[in-house]
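Quick mapping for you: the protein sequence lines, in order, are chains A and B. Each number in this note's numbering comes from the position in the first sequence (counting from 1) with 1212 added on. Each number in this note's numbering comes from the position in the second sequence (counting from 1) with 1212 added on.
Number of protein chains: 2
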Amino acid sequence: MHLELNERRRRVLKAVIQQYIDTATPVASQDLARSLGVSSATVRNEMAALEDAGLLTHLHTSAGRLPTDAGYRFFVENLMDRAALSTQEQRMIQHQFYQIRSELNQWIHLAAAVLARTAQTAAVVTPPRAYESRFKHIELISINDALVLLVLVLHEGSVKQQTLPADPNTTQEQLSRIAGRINELCHEASAKAIANIAHNQSTNQPPLSSFEVLVIESVARAMQQFEEHVNELIHHDGLLEMLHQPEFGQVTRVREVLSILEGGTMLESLIPQALASDGVQVIIGGEHSRDELRDYSVILSRYGVNGDVAGVVGVLGPRRMAYPRSISSVRYIAGVMSDLMGDLYGERKIEPSE
Amino acid sequence: MHLELNERRRRVLKAVIQQYIDTATPVASQDLARSLGVSSATVRNEMAALEDAGLLTHLHTSAGRLPTDAGYRFFVENLMDRAALSTQEQRMIQHQFYQIRSELNQWIHLAAAVLARTAQTAAVVTPPRAYESRFKHIELISINDALVLLVLVLHEGSVKQQTLPADPNTTQEQLSRIAGRINELCHEASAKAIANIAHNQSTNQPPLSSFEVLVIESVARAMQQFEEHVNELIHHDGLLEMLHQPEFGQVTRVREVLSILEGGTMLESLIPQALASDGVQVIIGGEHSRDELRDYSVILSRYGVNGDVAGVVGVLGPRRMAYPRSISSVRYIAGVMSDLMGDLYGERKIEPSE
DNA sequence: GTTAGCACTCCTCGGCCAAGAGTGCTAAAG
DNA sequence: CTTTAGCACTCTTGGCCGAGGAGTGCTAAC
C-alpha cells in the first residue's frame, strides 16, 4: 500500500486530488504546471506514472485526471493535512451539545445536524446501544381503568415505554408497590436473568401474581428487542444539502443514496463494522464489497463508553469527499459525544457499585 | 365550483384524469374514442369545451390533454369513485397496529410506513400533541453521584426525559420522596400552573428545597416546550418509492420535495392548517398559496381524540396523484389511530375524573 | 349533433459538424 | 537523463437541421 513515490510525484497526486475534490472536474496537466513550477508536459509525465501505479485514471483520451479508490486511499493515509477543526468551531459544537446535554434523545438529532453542517455531507447517527443492557428501574402508571403505562429505564439511560392491560380498579398505590417489588427483584439484571425470574416462578416467595409476571415478561422482551436492536434506527441529516453536489445530477444517484441509508446497507453492513472497530473508519468507494457503495465513501466512528454502551456517528458522501474535514469532524463529534456519555455514567465504571 | 357539465362531458373529464393519473402522459382524443363509443373528433370537441371551462389544458398544440388544478378539484369532489380500502387491506393494517399497540412511540413510524405503502406516495406523520398538556407523573432516578434522570409523563401518555445535576450523596430513597411530593403538588396541573408553583414559593409549606425548585422548573419548561412544539418533528417515509414516479426525472424535483418536508413548509403551514380542520384536507397544486407546492398535492387528516390530543397524518405526492386511493388510505389510517388513542385514554372523557 | 378528412403545429430524436479541451508522442534543449 | 516545446490525434460537447410522428383544429359532409 505504501508505494515508492518521489516527492514531486506525491505533490502532483495531492494537488490533483485536492483540486478534484474542490471542483469536481478532472484536472488537466496545465492546471498544475504553474503551481508546481514545471511545464505541463512534465506534469503529464508524472500523471502518466501515477496512472500506471493505479492512483489516477481518466475518463477518455482527452480528459484530465481524477483519483482512483487507491489514489484517495493513499491521499488519506499519507498525503492529507490532518487539520483539526478550528477552536471556534469546536467551541460552537461544544456549546450546542451543552445546551441539550440533559435531553438524551435529542443527542442524535443534534449530532447529525452539526455533523452534516460541519462536514458538508449527509450525516448518520445511531442511538447509543448497550452491548448487554441491564435493568435499572421500572415505573407503573395508571392510565385508565384497564390500562397501565410501563416505563422501563435501562442502565445506559434509555427509556422504553409500553402499555399493558390491567385488572380494573387497580389503584396507583398498588401499582407502585408492584413496581417496587419488581425493581428489587430485577435489580441490575440482564434480559436473560429477568426472563428466568418470570419462568422459574417457584423460587419466588411470595409467588408472583399473573400481572407481575406479565410486567416482568414485558420488561424481558423489551430488553431483548433492544439488544437485538430490532428497533434500531438510523437518523440522518444533510441529504438535501448534499444533493447540490454535481454528482447528483441524475435521480438514480439520489435513489442510490436513499437506499443505502434506508434500504439496509448502512444498518446491516456498515454500522456493525463500525461498532466492532476502534477509531475512525474510512471506506472509499468500491473498497467495500457492497456494490451499491461503489460511488460513495463513508466515514464512521463509534462513540460511547468503552465496553459498556456505544453508537455510531459518521458521514456518507460521494467518493469525491472533503476527507480531511470530514474525518476531523467525525472524530471530533464522536469525541464530544463520548465525553458527554462518560459524564452521564462513565464514572460508574470506576466506582463499581452504585 | 360546481359547473354545469352534461353526463358525457363528465365522463370525458373523468376518463382523461384517470388515464393521466395512470400513465403520466397527456391523453389524446383517440385514446378515449373507443371506450366512449364516439369518434375522436367528438372527443376533441368535448375536450375543447372542458379546456374552455378551465378543467383541462395542454402543453402545446399537438399534445394531448391533462387536468388543471380545477380539473383535479372537480374530479375529487364530484367525479371520483370513493372506493374504500379492501377489507383484506383493512385487516392487515389493523393487525399491524395491534401488534405494536403498546409501544406509543412506534406508532408514527408504523403509520408512515403503512400509509406510504398503501397510498404509494410519500407519507408524513406528526406525533400526537396535547392542546394543553397536563402533568401526570414524574420519576427521579439516580444515575450517579452527581446526576439524576428526570422522567416526566404527560397526561396524553408521552414521556420526556432529562438529566439534572444533584447534590452528591443524594440517595434513591430521598429522590423518591421528592418525586412523591412533587407528584402531589403538580397533580393534573398545566405548564403554567407548574411554573407558578416554582415561583410562588411562599405558599408552599414546608418550603421547597432548591433541588425541588429545579425539578419543578425543569418540568414546567419541558411542558411549555412541548406545547410550543419546539421539538415537533415530522416523520416521513416512502420518499424512495415516490422517486420512481416520472415527475422526478430531474433532481430539482427531489430537492423541492425534501425542502417541503424538511424545510418548513410542512411544519409551518400545512400541519397547523390540518390540525385546525376536521376531516380529510385535500390541497391540490397551486391552490395553496405557497409557491413551492405548485406541482404537488397534499392530503392530510388530523387524528387523535377530539379536543384533547391530536396529530396529523397524510401524504405528499405529485399533483398527478391517485386521489381516490390516497384519500381513502389517509382517512382509514387516521381512523385507526384515533381509535387506538381512544382506547388509551379516550374513556377518560366520558368518565370526567380519574 | 357527429364524423371523416386534412392541413397545420410542435415536439422528439438521430445525425452531423465545428469547436475545444487535453492528451501522448517526438524531438530538441538543458 | 530530465525537461520541455510542438503538434497531431482523440474524444466530448453543444448547436443545428431535418425527418418522422403525434395530435390537434377546422371544415365540410352526413
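Just so it is clear, CB atoms sit at the ideal spot from N, CA and C, and this is done for glycine as well.
- Residue nearest to residue 1474(A) within the set 1222(B), 1479(B), 1325(B) is 1325(B) (criterion: CA-CA distance).
- Between residue 1430(B) and residue 1447(A), the alpha-carbon positions lie close to 27 Å from each other.
- Contact between residue 1374(B) and residue 1368(A) is ruled out by a C-beta separation of about 16 Å, above the 8 Å threshold.
- Around the Cβ of residue 1440(B), a 10 Å sphere holds fewer than 16 other Cβ atoms; the residue is exposed.
- For residue 1315(B), at least one C-beta of chain A is nearer than 9 Å to its own C-beta.
- Around residue 1446(A), no beta-carbon contact reaches into chain B at under 7 Å, the shortest distance being about 13 Å.
- Under the Cβ distance rule, residue 1555(B) counts among the residues neighbouring chain A, one pair being separated by less than 9 Å.
- With its beta carbon less than 9 Å from one in chain A, residue 1351(B) belongs to the interface.
- For residue 1536(B), the secondary structure class from DSSP, reduced to helix, strand or coil, is helix.
- By the C-beta density criterion, residue 1404(A) is exposed, having fewer than 16 other C-beta atoms within 10 angstroms.
- Around the beta carbon of residue 1345(B), 16 or more other beta carbons sit within 10 angstroms, so the residue counts as buried.
- For residue 1354(A), there is no enclosing alpha helix (DSSP H); the residue is part of the beta strand (DSSP E) that begins and ends at 1347–1356.
- In the structure shown, residue 1501(A) adopts coil according to DSSP, grouped into three states.
- Within the stretch 1363–1401 of chain B, the complete beta strand (DSSP E) segments of 3 residues or longer fall at 1371–1377, listed in chain order.
- In the DSSP annotation of this structure, the continuous segment of the beta strand (DSSP E) that includes residue 1269(B) starts and ends at 1268–1270.
- For residue 1520(B), the number of other beta carbons within 10 angstroms of its own is at least 16, and it is reported as buried.
- Per DSSP, reduced to three states, the secondary structure at residue 1547(B) is helical.
- Minimum Cα-Cα distance from residue 1237(A) among the listed residues 1268(A), 1216(A), 1254(A), 1278(A) corresponds to 1278(A).
- A distance below 8 Å between beta-carbons, with the five flanking residues on each side excluded, links residue 1380(A) to the following residues of its chain, in chain order: 1357, 1358.
- Looking at the DSSP output, residue 1529(A) bridges to 1509(A).
- In the DSSP assignment, residue 1228(A) falls within the unbroken alpha helix (DSSP H) covering 1219–1235.
- Cβ-Cβ distances below 6 Å link residue 1486(B) to 1493, 1512, 1514, 1524 in the same chain, with the five nearest sequence neighbours on each side left out; the list follows chain order.
- For the set 1335(A), 1334(A), 1426(A), 1365(A), the Cα lying nearest the Cα of residue 1377(A) is the one of 1426(A).
- Looking at the DSSP output, residue 1521(A) shares a beta bridge with 1342(A), 1517(A).
- For the stretch 1520–1545 of chain A, the beta-carbon criterion of a distance under 7 Å to any beta-carbon of chain B is satisfied by none of its residues.
- By the criterion of a C-beta distance shorter than 7 Å, residue 1537(B) is surrounded in its chain by 1331, once the five residues flanking it on both sides are discounted.
- Per DSSP, reduced to three states, the secondary structure at residue 1250(B) is coil, with no helix or strand assignment.
- DSSP places residue 1447(A) outside any alpha helix (DSSP H); the residue lies instead in the beta strand (DSSP E), whose first and last residues are 1447–1449.
- The beta carbon of residue 1396(B) is closer than 6 Å to none in its chain, skipping five residues each way along the sequence.
- The stretch 1527–1535 of chain A makes no contact with the stretch 1347–1355 of chain B; the number of CB pairs closer than 8 Å stays below 3.
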